[in-house]
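Chemist:
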Amino acid sequence: MINTVRGTKDIIPAMVSDWHFVESVFRNTSKLYAYQELRTPIFEKTEVFSRSIGDDTDIVNKEMYTFKDKGDESITLRPEQTAALVRAVIQNGLDRESSNLRLYYIGPYFRYERPQKGRLRQFHQYGAESIGSPNPEADVEILLLANKVIKELGISDYKLLINTLGTENSRQNYKNALIEYLNQNKESLSEESQSRLQTNPLRVLDSKSEKDISIIEKAPVILDYLDEESANHFNTVTKLLDAVGVKYVIQPKLVRGLDYYCHTVFEFQSSVLGAQDSFGGGGRYDGLFAQLGGKPNPAVGFAMGIERILLILEAMKITHKEESECDVYVVCGNKELSIYANQIAEIFRNKGARVISDINRRSMKAQFKEANRLNARYSVIIADEEVSRNSVIVKNMASSEQQEIEISKLEEFEI
RNA sequence: GCGGUCGUAGCUCAGCAGGUAGAGUACCAGAUUGUGGCUCUGGUUGUCGCGGGUUCGAGCCCCGUCGAUCGCCCCA
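Plus 4 on top of the position in the first sequence (first one is 1) and you've got this note's numbering.
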């Protein structure tokens, strides 16, 4: 037997209705905020990601599916959408058509990681990006959309953590102060944090190692190092969130993994997910357009993990399975009558009913059992005696009432 | 990439001192020779994750490997 590749999963029919539900929430809610869908290829030139996400991040370092194609070009299966979306916006000149772009996306992404619950090598994300505004109003619009989506999904128990990384300047000042502090305590830090102190000191704040936690607690806080512009931006974001009633928790140690973030960063967490407790996150990335060769263009966005959302819904026992896939089951008395079965099935399908006509040549009893199992509302019975009178029997499966109806009158039958 | 737990019918699981595999459910058929849902009766299904080793004999022991899961790392 051949199985799926490690870290990948089939989405079987029993799961698809829940996928359709979350996808429809994403699409409908995005529309409410006038966001339009953008779709980009599944793979890109490697530099799209290596130039944007950051060489010191794990995503670029060890998690990308990268290979040489037959033209010897380095190709990467997209590990996230933002960088590729920015590339697409620049390439198609979308940012020249209007001062604001509001885009959303749904699709598969790929990271070579150790699989775990809620972490797959092929996973799916929904996300949205607001491009063109440097103002806190854009950050808040994005947060409102994300928050609305979560509410519409039916998720009630979650936390929104927010923080600011400030401008390049204030981040640099803070970084220096943090490095100085961490260096003073270097001996007591975990090995990993010591090495991250060299490569990406901000990330030390994320550490869950017991050794680090007490040190991190006393570490300088970025909020104390914000310049005026950064502080104004962040204060306006929180003020606007308060005004519109979005609940949040300021988490000064929240540092998102990707290099391109600045100013507002945020994360949505749910306690039902275990170690991977984040089911969505995002932030502002004003420098990314320039990094990818476009004209500078401020932007802010978020992404959510669909598999993690489905895990939350499952834990909450929220499901959207169809009660029935079939409205009418056509029961055929014997195989000589199957010529009528298809004709009659089509009559009901033309009326918009979902119809199954037996294709197994099984006994009528077996066909009824099937109709019952599928929760069909009606069965239509085709049998010699009635067919000789040009009619069939229509049976209401719930009440067991049945009536003989002329085939020519079936079109008028109300189902 | 590192560590813990686990891997038996489609699904949920049992199995023991190492002696050639079982239950429930699902599915199929019959009881009811033109009619479902309840009940009863009967039936099908397994390379016991894969490969190797120990043994007269391994689902059970040993090694390796693959996969799942939990944690680390990182992130959605």
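Cβ coordinates follow ideal geometry from the N, Cα and C atoms, glycine included.
Checking the sheet assignment: what are the DSSP bridge partners for tyrosine 382?
Modeler: BP columns for tyrosine 382 point to Val332, Asn400.
Chemist: Going by beta-carbon coordinates alone, are serine 395 and glutamate 408 separated by less than 8 Å?
Modeler: Result yes, Cβ atoms of serine 395 and glutamate 408 sit closer than 8 Å.
Chemist: Please name the residue in Thr61, Ile419, Ile310, Gln120 whose C-alpha comes closest to that of valine 332.
Modeler: Closest by alpha carbon: Ile419.
Chemist: Tell me whether the region 157-166 and the region 182-195 touch, counting them as touching only if at least three CB pairs, one residue from each stretch, are closer than 8 Å.
Modeler: No, the region 157-166 is not in contact with the region 182-195.
Chemist: Count the C-beta pairs between the region 241-252 and the region 115-132 that are closer than 8 Å, then say yes if the count reaches three, no if not.
Modeler: No contact exists between the region 241-252 and the region 115-132.
Chemist: Distance check for alanine 18 and valine 259, CA to CA, integer angstroms please.
Modeler: Roughly 38 Å separates the two Cα atoms.
Chemist: Would phenylalanine 372 and valine 335 qualify as a contact pair, given that the criterion is a beta-carbon distance under 8 Å?
Modeler: The answer is yes: Cβ separation under 8 Å.
Chemist: Note down, one range per segment and in chain order, each alpha helix (DSSP H) of at least 4 residues found wholly within the region 271-309.
Modeler: Listed in chain order, the complete alpha helix (DSSP H) runs (minimum 4 residues) inside the region 271-309 are 292-295.
Chemist: Using 8 Å for Cβ pairs, my map puts serine 34 next to alanine 132. What's the rounded Cβ distance?
Modeler: That pair is a contact at about 6 Å.
Chemist: Whose C-alpha, out of Ala307, Asn7, Arg365, Lys369, is nearest the C-alpha of tyrosine 113?
Modeler: Among Ala307, Asn7, Arg365, Lys369, the Cα nearest to that of tyrosine 113 is on Ala307.
Chemist: Return the Cβ separation of lysine 215 and leucine 201 in integer angstroms, given the expectation that the two are a contact with Cβ distance under 8 Å.
Modeler: With 8 Å as the limit, lysine 215 and leucine 201 do not qualify as a contact, their Cβ atoms being about 13 Å apart.
Chemist: Within this structure, are the beta carbons of leucine 89 and threonine 61 separated by less than 8 Å?
Modeler: No.
Chemist: Thinking just about the alpha-carbon of each residue, which of Ala150, Glu117, Asn236, Ile220 is nearest to the one in proline 83?
Modeler: Answer by Cα proximity: Glu117.
Chemist: On the premise that lysine 413 lies in contact with glutamine 406, defined as a C-beta separation below 8 Å, what is that separation, rounded to the nearest angstrom?
Modeler: That belief does not hold up - the Cβ atoms of glutamine 406 and lysine 413 are roughly 15 Å apart, past 8 Å.
Chemist: Is DSSP giving glutamine 371 helix, strand or coil here?
Modeler: Here glutamine 371 sits in helix by DSSP.
Chemist: Is the region 165-177 in contact with the region 335-345, if contact means three or more CB pairs nearer than 8 Å?
Modeler: No, because fewer than three Cβ pairs between the region 165-177 and the region 335-345 fall closer than 8 Å, the two stretches do not touch.
Chemist: Taking just the CA atoms, how far does glutamate 374 sit from methionine 368?
Modeler: Straight-line Cα distance between these residues: approximately 10 Å.
Chemist: Beta-carbon within less than 7 Å of proline 138's beta-carbon, same chain only, minus the 5 sequence neighbours each way: which residues are those?
Modeler: The answer, listed in chain order, is Asp290, Pro302.
Chemist: Look at threonine 80 and glutamate 41 and say whether their C-beta atoms are less than 8 Å apart.
Modeler: No.
Chemist: Pop quiz: valine 109 and glutamine 85 are said to be a contact at Cβ under 8 Å. What is the actual Cβ separation, rounded to whole angstroms?
Modeler: The residue asked about is misnamed: residue 109 is tyrosine in this sequence, not valine. Rounded, the Cβ-Cβ distance is 5 Å, consistent with contact.
Chemist: According to DSSP, which residues form a beta bridge with alanine 132?
Modeler: In the DSSP output, where bridge partners are listed per residue, alanine 132 has Tyr108, Phe306.
Chemist: Looking only at its chain, what residues have a beta carbon closer than 7 Å to the beta carbon of methionine 401, apart from the 5 residues adjacent to it on each side?
Modeler: For methionine 401, where only same-chain residues beyond five positions count, the Cβ hits under 7 Å are Ala375, Asn376, Ala380, Arg381, Tyr382, Ser383.
Chemist: Under 6 Å Cβ to Cβ from alanine 357, same chain only, skipping five residues before and after it: list those, please.
Modeler: Contacts found: Asp331, Val332, Ile419.
Chemist: Mind checking aspartate 362: buried by the 16 CB within 10 Å criterion, or exposed?
Modeler: Per the 10 Å Cβ criterion, buried.
Chemist: When you compare only the Cα positions, how much space is there between asparagine 189 and threonine 203?
Modeler: Approximately 17 Å, taken between the alpha carbons.
Chemist: Between the C-alpha atoms of leucine 314 and isoleucine 343, what's the straight-line distance to the nearest angstrom?
Modeler: If you take the alpha carbons of leucine 314 and isoleucine 343, they lie about 44 Å apart.
Chemist: Spatial neighbours of glutamine 295 within its chain, please: C-beta separation below 8 Å, excluding the five flanking residues on both sides.
Modeler: So the list reads Arg55, Ser56, Tyr264, once near-sequence residues are dropped.
Chemist: Our contact map puts phenylalanine 293 next to isoleucine 94 with C-beta atoms below 8 Å; I'd like the distance itself, whole angstroms only.
Modeler: Confirmed, about 7 Å.
Chemist: From what residue to what residue does the beta strand (DSSP E) around leucine 165 run?
Modeler: Its beta strand (DSSP E) spans residues 163-168.
Chemist: With the cut-off set at 8 Å, would you say aspartate 231 and serine 174 are in Cβ contact?
Modeler: Closer than 8 Å, so yes.
Chemist: Which residues does DSSP list as the beta-bridge partners of phenylalanine 114?
Modeler: DSSP output for phenylalanine 114 lists Gln126 as bridge partner(s).
Chemist: Considering only their Cβ atoms, is the gap separating leucine 164 from phenylalanine 30 smaller than 8 Å?
Modeler: No. Outside cutoff.
Chemist: Give me the Cα-Cα distance between leucine 227 and glutamate 191, rounded to the nearest whole angstrom.
Modeler: Roughly 26 Å separates the two Cα atoms.
Chemist: Relative to the C-alpha of isoleucine 385, which candidate in Glu416, Lys355, Asn354, Gln347 has its C-alpha closest?
Modeler: Among Glu416, Lys355, Asn354, Gln347, the Cα nearest to that of isoleucine 385 is on Gln347.
Chemist: If I follow the unbroken beta strand (DSSP E) through phenylalanine 47, where does it start and stop?
Modeler: It spans 47-49 - the beta strand (DSSP E) in which phenylalanine 47 sits, taken as one unbroken run.
Chemist: For isoleucine 16, count neighbouring Cβ atoms within 10 angstroms of its own Cβ and tell me buried if that reaches 16, exposed if not.
Modeler: With fewer than 16 Cβ atoms within 10 Å of its Cβ, isoleucine 16 is classed as exposed.
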